[in-house]
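Enquirer:
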Amino acid sequence: MVIVPKFNALKAFFFSLLLLGCDPDRSVRGRVVPLEDLDQIQKGVGVLNKTDVERLIGPASSVLSFDPCTWYYFNLFTETSAFFSPSIKENKGFALLFSSDGKLVKYIPNSGTKSLEIALKETALPSTHRKEFLKELFRNAGRFGKKAKENCKKP
Numbered sequence: 004m005v006i007v008p009k010f011n012a013l014k015a016f017f018f019s020l021l022l023l024g025c026d027p028d029r030s031v032r033g034r035v036v037p038l039e040d041l042d043q044i045q046k047g048v049g050v051l052n053k054t055d056v057e058r059l060i061g062p063a064s065s066v067l068s069f070d071p072c073t074w075y076y077f078n079l080f081t082e083t084s085a086f087f088s089p090s091i092k093e094n095k096g097f098a099l100l101f102s103s104d105g106k107l108v109k110y111i112p113n114s115g116t117k118s119l120e121i122a123l124k125e126t127a128l129p130s131t132h133r134k135e136f137l138k139e140l141f142r143n144a145g146r147f148g149k150k151a152k153e154n155c156k157k158p
């Protein structure tokens, strides 16, 4: 009679471990920008400059080396269950376009979850045709010079 309650307690313990293992792991990737600051950015198009934006919401998550006038802010809410790959639940990323004199010209919100899904897949990158691998690899060689780094394109 004493063995039966211990066995039930052991079953309950392992069952609770099994349930805890299936609990999804939720994480935030990137910068979480408060809604009040985001409203100020949207209202400040044409008024704010780069230093104002950086003071308000911090430095950009990414700035391309060949286009310093476009700042990207990433904000992904991901969820991973057990051994499955992470899935994007919400994407609140956005881009800010600046003019050549540093004024904020345009606010571009992200339009969906598909745009940054490749960032979560660390094992594969998209390639249209395997036969054209070298062409894809070297297609931008020499395309971006010093002028592209110094000057911003007109929106």
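Take the sequence shown: its position 21, counting from 1, is numbered 24 in this note's numbering, and each next residue is one higher.
The beta carbon of each residue, even a glycine, is placed where N, CA and C say it ideally should be.
As the structure is a computational prediction, the values presented were derived from the model and not from experiment.
(1) Using beta-carbon positions only, say whether L107 and V48 come within less than 7 Å of one another.
(2) Would E82 pass as a contact of P27 if the rule is Cβ separation under 7 Å?
(3) Terminal residues of the continuous alpha helix (DSSP H) containing R34?
(4) Which residue's Cα is closest to the Cα of L59: Y76, P89, P71, F86?
(5) By DSSP, does K95 sit in helix, in strand, or in coil?
(6) Of the choices Y110, F141, N113, K95, whose alpha-carbon is the least far from that of R32?
(7) Is it right to say P89 is buried, meaning 16 or more other beta carbons lie within 10 angstroms of its own, or is it exposed?
(8) How about R29 and S64: do their beta carbons lie closer than 7 Å?
(9) Can you find the residues in the same chain that come closer than 7 Å, C-beta to C-beta, to G105, ignoring five residues on each side of it along the sequence?
(10) On the DSSP bridge list, what partners appear for F101?
(11) Does DSSP put V48 in a helix, in a strand, or in coil?
Expert: Inspection of the coordinates gives the following:
(1) yes
(2) yes
(3) Premise fails: R34 is in no alpha helix (DSSP H) and is neither H nor E.
(4) Y76
(5) coil
(6) K95
(7) buried
(8) no
(9) N52, K53
(10) L107
(11) coil
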